[in-house]
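Data first, discussion second: the structure below is written as structure tokens.
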Amino acid sequence: MSDRGPIKLNARNLEHLSPRVQVSTYDRRGVTGSLVHIGVGAFFRAHQAAYLDDLLEQSGSSEWGYCGIGLLPHDAGVRDALQSQDCLYTLLERSADGDRARVIGSVLDYLHAPQDPEAVLEKLASPHTRIVSLTITEGGYYVNKGTGEFNDKDPDILHDLEHPQAPRCSFGVLLESLDRRRRQGLEPFTLMSCDNLQHNGDLTRKMLLAFAECRDPALARWLAEHCAFPNSMVDRITPATTDEHRALLREAFDLEDAWPVVTESFTQWIIEDNFPGGRPAWETVGAQMTSDVLPYEKMKLRLLNASHQALCFIGMLLGYEFAHEAMQDARIRKLVKSMMDEEVTPLLATPAGIDLESYKASLITRFSNPNIRDQLSRIGSDGSAKIPGFVLPSVVEGLRQGTPVKRLCFTVAAWLRSLAGTDDSGRTISIVDPMADGLREHARSGWRDTDVMLGMRDIFNEELLSNTEFTNQLKRTLASFYDEGAEKTLADCTG
Ligand code: CS2
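Structure below.
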């Protein structure tokens with residue numbers, strides 16, 4: 015540690031940092047901000063911003079840099095942290111071989127819409143902005159999960175239709191800025207979703223066009239004709255940053271960072287090559303450009319993300335806090351493994367260049383990584399979007415094809431049981447979900463009542479609700495959770 019204590023991260027101090035911290039050598043002042051990212055959470059900073067940092071360092075090109083945008087009032091924390099350190103932050107990659115701390119410089123600027131909405135719209139409408147990427151969470155696309163159609167009754171959507179020039183939600187901001195571009199005779203930017211959604215680009219297109227249609231059919235037609243929405247598959251396990259991480263950087267790296275990001279060494283990015291306005295040469299820094307993302311995306315969502323759901327709700331019900339702790343429980347490990355092998359794998363096509371057996375083995379290793387300390391509460395947030403996105407599609411396909419769905423249904427039941435808010439010993443399970451109030455209400459009314467479950471039409475689609483094999487299995491497992499407890503229900507499922 016330096017005599018004066020840890021060194022505060024900012025541009026001025028870069029040359030004084032400990033040699034243990036990796037600092038890139040490119041000149042950030044020359045880089046143009048042609049990429050805009052909405053939703054500057056830990057995942058974006060561990061993934062897309064790290065790829066671009068590598069690219070800027072390796073290529074010497076200054077064509078692409080990020081401007082980050084936060085739309086939510088609670089993004090003020092990230093804004094203050096980033097702005098206090100010239101938008102620099104530390105990425106701590108933790109592998110079995112040790113920790114690697116690197117300063118990421120690819121985010122050049124940060125705008126916070128609640129503070130300056132006009133600056134955000136102008137940035138997006140600027141001719142310099144060529145690509146806009148999104149990590150706005152799986153639930154942030156205004157999809158009615160029951161019907162798969164655009165949810166035009168959402169209060170944010172209704173607000174932004176009434177006040178198109180003063181939007182408050184991501185879709186409203188995108189549409190207003192795209193409309194400004196259209197009126198100025200500019201091309202639209204390419205819009206790339208980086209959320210964990212199957213066909214994330216196609217889905218963004220469908221929802222945004224449906225919204226545009228409500229606002230101005232001419233705008234919808236222009237978008238349909240000119241705007242590209244590439245699909246992408248993103249992967250890097252990134253826990254929420256805690257004070258322990260900040261302390262670790264201070265102690266082991268002599269660095270004071272208000273909001274560092276911790277992640278694993280693994281990273282993967284598969285991108286559909288559809289960028290009419292140009293793009294960074296991501297393939298030179300490890301991303302894979304392809305014409306068809308779907309098989310990769312399906313593999314990742316159905317194996318990685320669904321297994322996360324499988325281990326997290328039962329894990330929380332058994333009192334575990336972290337993913338690796340849940341994976342140390344042989345019953346949970348078996349649940350995850352057999353769900354992948356027997357229930358999900360038969361539904362997948364093997365993507366080119368992938369060996370599914372080693373992919374699954376690597377997932378087990380990644381979930382079990384004790385250095386990451388990935389919070390179950392993080393994985394379990396927004397279950398109302400993740401269960402329908404990651405787990406239920408395999409249930410639907412499994413029921414159609416006659417393959418087993420027992421562990422998939424167990425996962426759904428464990429989620430529903432967790433919504434009661436306490437485990438079998440009375441410990442609190444916190445529910446972080448935009449639909450939390452409604453879900454708690456349903457859990458309180460009691461799942462044994464078929465009508466309660468059938469009432470969840472914004473989670474379960476018609477096909478599932480009318481399938482008695484599914485509803486009976488779900489009800490049986492839920493009844494067992496309440497009558498016999500989580501331990502016994504898990505033992506019965508994996509025994
Ligand atoms: C997790 C993902 O939040 C979740 O549900 O499954 O955040 C997961 O860690 C990432 O998709 C890994 O790429």
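Sequential numbering of the sequence shown, starting at 15, is according to the numbering used here.
Built from N, CA and C at the ideal position, the CB exists for glycine as well.
- Which residues mark the beginning and the end of the alpha helix (DSSP H) in which M313 is found? 308-313
- Task: Could you tell me which uninterrupted beta strand (DSSP E) segments, each at least 3 residues in length, are contained entirely in the segment 46-100, listed from first to last along the chain?
- Result: 49-52, 80-84
- Message: Give me, in chain order, the residues of the same chain whose beta-carbon lies closer than 6 angstroms to that of A320; leave out the 5 immediate sequence neighbours on both sides.
- Response: F404, V405
- Using three-state DSSP, classify Q198 as helix, strand or coil. coil
- Query: Which residue comes first and which comes last in the alpha helix (DSSP H) that contains M449?
  - Reply: Unbroken run through M449: none, as it is neither H nor E.
- For L96 and G84, the rounded distance between their alpha carbons: 12 angstroms
- Query: How long is the line joining the alpha carbons of G186 and A226, rounded to whole angstroms?
  - Reply: 9 angstroms
- Message: Among I284, V410, G333, whose alpha-carbon lies nearest the alpha-carbon of P365?
- Response: I284
- Item | Cβ neighbour criterion (16 or more within 10 Å) applied to R219 | buried
- Message: Restricting to runs no shorter than 3 residues, where is the beta strand (DSSP E) found entirely within the segment 143-218?
- Response: 145-148, 204-207
- Is the segment 128-145 touching the segment 298-318, taking contact as three or more C-beta pairs under 8 angstroms? no
- Task: To the nearest angstrom, report how far apart K351 and Y40 are at their CA atoms.
- Result: 44 angstroms
- Item | Bridge partner(s) assigned by DSSP for S109 | G112
- Could you work out which residue in G440, L433, D437 is closest to A450 when comparing CA atoms only? L433
- Query: For L200, which residues of its own chain have a beta-carbon under 6 angstroms away from its beta-carbon, when the five flanking residues on both sides are left out?
  - Reply: P141
- On a CA-only basis, which of S246, V446, A133 is nearest M206? Give me that one, please. S246
- Query: Expressed to the nearest angstrom, what Euclidean distance is found between the alpha-carbon atoms of T436 and V37?
  - Reply: 45 angstroms
- Where M247 falls: helix, strand or coil (DSSP): strand
- Are the segment 444-459 and the segment 385-395 touching, with three or more C-beta to C-beta distances below 8 angstroms? yes
- Query: For V316 versus F280, is the C-beta spacing smaller than 8 angstroms?
  - Reply: The sequence shown places Arg at residue 316, not Val. Against a cut-off of 8 angstroms, the Cβ pair of F280 and R316 comes out as no contact.
- Message: L332 and A127 - do their beta-carbons sit closer together than 8 angstroms?
- Response: no
- Taking just the CA atoms, how far does A254 sit from A25? 25 angstroms
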